[in-house]
Amino acid sequence: MTLTIFDLLGREIAALLDKDLSAGSYSTRWDAGCMPSGTYLYRLRVENFVEVRKLLLMR
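Structure follows, in structure tokens:
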């Protein structure tokens, strides 16, 4: 499973998770203290499943 944050130009900002996990619910934190407010994308990849969604960071 990988969880990665990108800016809108497609540059990787943070890799929050990159490990094999068993089925279940998980949570993680992103220390975005140095990042400006704005729209980012996160990509969740699990085996053959990939999901990309918008993430709005507001200060």
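For the sequence shown, our numbering gives the first residue as -18, with consecutive numbering after it.
All residues carry an ideal CB built from backbone N, CA and C; glycine is no exception.
Just verifying my parser: in three-state terms, what is the DSSP assignment at residue i?
i   : result
R26 : strand
R34 : strand
Quick one: measure Cβ to Cβ for residue i and residue j, integer angstroms, because I've assumed they're closer than 8 Å.
i      : j      : result
T9     : L(-16) : 7 Å
V31    : L22    : With a Cβ gap of about 12 Å, V31 and L22 do not count as contacting.
S18    : R40    : 5 Å
M(-18) : R24    : Not a contact, Cβ separation roughly 11 Å.
L37    : T20    : 6 Å
Check: At what residue ranges does the stretch -16 to 18 contain a whole run of the beta strand (DSSP E), taking only runs of 3 or more?
Finding: -7 to -1
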